[in-house]
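Single-structure report; data block below.
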């Protein structure tokens with residue numbers, strides 16, 4: 024059994040909220056998307072991505088009766104293949120929609136997704152939204168950011184953090200939903216044991232909070248903290264740090 028709750032907030036600075044989320048307990052599907060593009064284009068891109076992923080995951084529950092537009096990876100589970108194809112399809116639809124109206128030109132979105140099947144989970148990510156896990160093994164980040172900063176750190180882990188924090192390219196993404204017609208999707212899978220906690224979030228949340236704060240809230244859920252209260256605690260902490268961006272947090276915990 025899963026418990027899950029998500030919240031999204033405009034923040035203290037932005038006039039619109041281009042983040043969106045999905046909690047679908049029936050499908051075992053959980054999503055966070057952070058749109059970009061100005062005016063309402065980012066909001067449109069994020070919602071189109073979420074709707075497309077949900078629809079494909081729903082119709083691919085029986086893999087034998089589903090058309091796989093991007094093929095199947097024989098080394099991955101059905102759940103992982105469903106997520107990969109769903110995110111790739113979302114990318115294609117956002118890319119094509121960006122050509123349908125002038126005001127949609129250049130729109131895009133990040134996406135992180137989790138699909139749970141019994142005691143296993145598949146996850147996927149494009150962009151710089153993140154998935155964190157808190158398990159018996161401790162706290163960890165499951166996804167890798169598609170960003171200029173992550174690329175620099177991969178090449179030189181000893182690079183000066185102060186330089187990165189103020190660099191004019193620090194917010195540049197190297198991949199996003201809708202940036203091009205075909206995209207690479209980071210996909211993984213792992214055990215989802217009783218007591219494990221997952222956090223899906225946009226950069227508006229983790230950008231203002233350190234790992235210690237995130238781990239502290241996620242770890243407290245194992246001692247009885249309700250998922251709704253934990254989400255509100257994270258949101259409040261991010262807003263207290265200025266709320267300069269839209270903020271989205273989705274927490275989920277396996278209870279049985």
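Numbering (my numbering), first residue to last: 24 to 279.
Using N, Cα and C, we set each Cβ at its ideal position, and we do this for glycine too.
Alpha carbon of residue i to alpha carbon of residue j, nearest angstrom
i	j	result
residue 65	residue 161	34 Å
residue 102	residue 143	9 Å
residue 179	residue 173	10 Å
residue 157	residue 219	6 Å
residue 201	residue 89	24 Å
residue 206	residue 248	39 Å
residue 274	residue 154	10 Å
residue 226	residue 183	21 Å
residue 10	residue 132	Residue 10 cannot be examined here, being either before or after the span of the chain that is shown, 24 to 279.
residue 125	residue 60	11 Å
residue 170	residue 277	31 Å
residue 222	residue 79	23 Å
residue 262	residue 163	23 Å
residue 57	residue 235	23 Å
DSSP-derived helix/strand/coil call for residue i
i	result
residue 226	helix
residue 212	strand
residue 57	strand
residue 265	coil
residue 202	coil
residue 18	Residue coverage of the chain in this structure runs from 24 to 279, which leaves residue 18 outside it and unanswerable.
residue 7	Given a span of 24 to 279 for the chain in the structure shown, any question on residue 7 remains unanswerable.
residue 119	helix
residue 332	There is simply no residue 332 to check, as the chain begins at 24 and stops at 279 in what is shown.
residue 45	strand
Supposed close pair residue i, residue j - CB separation, criterion 8 Å
i	j	result
residue 256	residue 240	5 Å
residue 35	residue 266	4 Å
residue 271	residue 42	4 Å
residue 217	residue 29	So it is not a contact: roughly 21 Å between Cβ atoms.
Proximity test, residue i beta-carbon vs the ligand GDP heavy atom, cut-off 8 Å
i	result
residue 147	Ligands in the displayed structure: none, and consequently the ligand GDP is not present.
Practice item. Enumerate, from N- to C-terminal direction, the unbroken beta strand (DSSP E) stretches of 3 or more residues contained entirely within the segment 128-195. Key: The beta strand (DSSP E) runs lying completely inside the segment 128-195 and spanning 3 residues or more are 131-140, 143-149, 153-158 and 161-164, given in chain order.
Practice item. Decide yes or no for the touch test of the segment 104-118 against the segment 68-80: beta carbon pairs closer than 8 Å, at least 3 of them. Key: Segment contact: the segment 104-118 against the segment 68-80, three or more CB-CB distances shorter than 8 Å; contact assigned.
Exercise for review: Please specify which runs of the beta strand (DSSP E), each continuous and at least 3 residues long, are wholly inside the segment 232-259, giving them in chain order.
Suggested key: Within the segment 232-259, no complete beta strand (DSSP E) run reaches 3 residues.
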